[in-house]
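Chains as they are written, first to last, in our numbering: chain A, 551 to 777; chain B, -14 to 106. Notes follow the structure.
Right under this line is the structure:
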């Protein structure tokens, strides 16, 4: 008798749990679909703003320069979801100068979303993943080898802003890497360095294959993830 | 697989291999504009948008005959290919050996000689 009670309780509890998990997955799928709706309604994908369809097709400078914003077809492998939710509501400047420009200051006028919209769009963007990013390879780590490769062997700060003893220093053309660990997934940073043609075949950043070893790239990715 | 399909596949394979070897930009001027002016400036004077007050070394003034005549064509080739450290200079000059082809780098050297209107001393 006692046994039966426990047993049925277990059944009830596990039924409830699976229902909740099921419901959770169901609701995030629903949010992703809603997010896609918001993304389309606000025309985020049109007018060369954001490409959501991979793989990359840019071949010439003109292909890259006509784009008005970064492609998002691998956004789910690149960004941290919590960061997306926050940034879409409060889009602070990431690139000190305007996308693709070499002179115009970034006016910081990216459209803003409400909290509900931001959560849904983030949910949608997180479904856009790339098979070229292997998960679980890079752990955030302020390692000295990575710093050596980043600042001395190469000088990534020539184009990227970083934080140095509490001060922001570095070049203007590239996305700032200040607090990049809150924004980017380490595994994606490694893949970006390792497979430069997959994500961004045409860009002002040089290809580092052969100039940074595989270990250097892993160390640098771990370092950036710790920013 | 029939013969026609095989032919098409072969043509496709040839196109793919040709495609990967071809570089994106046509001329040295276009390459210079896209990759180099961000640091060396629109006229090559070393005053690109990346040159902030905390950049430890200023990019070479490509328009200066005095500065550029100190470099041999081989020096210039090496700096573009493997970055500043190839000439015991700063890594703030990045390596472009995997970004540009050897031919594009050769053209770039001639282009820089036009910018400075100089040859190696």
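From the three backbone atoms N, C-alpha and C, an ideal C-beta is built for every residue, glycine too. Model, not experiment: these values are computed from the prediction.
Scan the stretch 589 to 618 of chain A for residues whose Cβ lies nearer than 9 Å to a Cβ of chain B and list them as they occur along the chain.
-> 608, 609, 610, 611, 613, 614 and 615
Under a three-way DSSP split, which group does residue 694/A fall into?
-> helix
From the DSSP output, in three-state form, read off residue 727/A for me.
-> coil
Cβ contact check for the stretch 611 to 623 of chain A and the stretch 737 to 754 of chain A: 3 or more pairs under 8 Å = Counting C-beta pairs closer than 8 Å gives three or more between the stretch 611 to 623 of chain A and the stretch 737 to 754 of chain A, which meets the contact rule.
Considering only residues of the same chain and omitting the five flanking positions on each side of residue 638/A, which have a CB-CB separation below 8 Å?
-> Only 662, 663, 667, 668, 671 and 672 meet the Cβ criterion.
In chain B, which residues lie less than 9 Å from residue 647/A when you measure between Cβ atoms?
-> Neighbours of residue 647/A on chain B, chain order: 34.
So, are the CB atoms of residue 31/B and residue 16/B less than 8 Å apart?
-> no
With DSSP run on the structure shown, which of helix, strand or coil describes residue 90/B?
-> helix
Own chain residues within Cβ distance below 6 Å of residue 724/A, not counting five before or after | So the list reads 709 and 710, once near-sequence residues are dropped.
Quick one: residues in its chain with C-beta nearer than 6 Å to the C-beta of residue 33/B, no 5 flanking neighbours on either side, listed in chain order?
-> Apart from the 5 residues on each side of it in sequence, residue 33/B sits with its Cβ closer than 6 Å to the Cβ of 22, 23, 24, 25 and 26 in its chain, given in chain order.
Rounded separation between residue 679/A and residue 629/A - CA only | 10 Å
Give a yes or no on whether the C-beta atoms belonging to residue 655/A and residue 647/A are separated by under 8 Å.
-> yes
Proximity below 8 Å, CB of residue 728/A to CB of residue 718/A = Contact: yes.
Would you kindly work out how many angstroms separate the C-alpha atoms of residue 767/A and residue 103/B, rounded to a whole number?
-> Roughly 39 Å separates the two Cα atoms.
contact_flag[the stretch 90 to 100 of chain B, the stretch 51 to 62 of chain B] where n(CB pairs < 8 Å) is 3 or more | The stretch 90 to 100 of chain B and the stretch 51 to 62 of chain B touch, with no fewer than 3 CB-CB distances between them shorter than 8 Å.
Just the C-alpha distance for residue 759/A and residue 48/B, rounded to the nearest angstrom, thanks.
-> When rounded, the separation of the alpha-carbon atoms in residue 759/A and residue 48/B is 30 Å.
Within its chain, find whatever has a CB closer than 6 Å to the CB of residue 506/A; leave out the 5 residues flanking it on each side and keep chain order.
-> In the structure as shown, chain A begins at 551 and stops at 777. Residue 506/A is therefore absent and cannot be evaluated.
Going straight from the alpha carbon of residue 43/B to that of residue 579/A, what length do you get?
-> Taking the Cα positions, residue 43/B is about 52 Å away from residue 579/A.
Using a threshold of 8 Å, state whether the C-beta atoms of residue 73/B and residue 105/B are closer than that.
-> In this structure, residue 105/B does not lie closer than 8 Å to residue 73/B by Cβ.
8 Å Cβ shell around residue 41/B - same chain, five flanking residues per side excluded = The answer, listed in chain order, is 75 and 77.
In or out: residue 99/B buried (at least 16 other Cβ within 10 Å) or exposed?
-> exposed
Which residues, in chain order, does the stretch 40 to 52 of chain B contribute to contact with chain A at a C-beta distance below 8 Å?
-> 40
List in chain order: all unbroken alpha helix (DSSP H) runs of 4+ residues lying wholly within the stretch 41 to 103 of chain B.
-> Listed in chain order, the complete alpha helix (DSSP H) runs (minimum 4 residues) inside the stretch 41 to 103 of chain B are 50 to 53, 58 to 67 and 87 to 101.
Which residues, in chain order, does the stretch 683 to 700 of chain A contribute to contact with chain B at a C-beta distance below 8 Å?
-> none
Residue closest to residue 606/A, alpha-carbon to alpha-carbon, out of 693/A, 749/A, 742/A and 730/A = 749/A
Return helix, strand or coil for residue 759/A, following the three-state DSSP convention.
-> strand
Helix, strand or coil: which one does DSSP assign to residue 719/A?
-> strand
Where residue 641/A and residue 633/A are concerned, what is the direct C-alpha to C-alpha distance, given to the nearest angstrom?
-> 10 Å
May I ask which residues mark the beginning and end of the alpha helix (DSSP H) holding residue 673/A?
-> 665 to 675 is the extent of the alpha helix (DSSP H) around residue 673/A.
Determine, using beta carbons only, whether residue 6/B comes closer than 8 Å to chain A.
-> Bear in mind that the predicted position of residue 6/B carries a pLDDT of just 42, short of 50, making it too unreliable to give a figure here.
Run the CB neighbour count on residue 36/B, radius 10 Å, all protein chains shown included, and call it buried at 16 or more, exposed below.
-> Answer is buried; the Cβ neighbour count reaches 16.
Work out the CA separation of residue 735/A and residue 582/A for me, nearest whole Å.
-> 20 Å
Between 715/A, 722/A and 685/A, which lies nearest to residue 741/A when the distance is taken from Cα to Cα?
-> 685/A
Tell whether a beta-carbon distance below 8 Å holds between residue 781/A and residue 618/A.
-> Past the edges of chain A, shown from 551 to 777, lies residue 781/A, and the structure says nothing about it.
Buried or exposed: residue 658/A, going by 16 or more other Cβ atoms within 10 Å of its Cβ?
-> Around the beta carbon of residue 658/A, a 10 Å sphere encloses fewer than 16 other beta carbons of the protein chains shown; the residue is thus reported as exposed.
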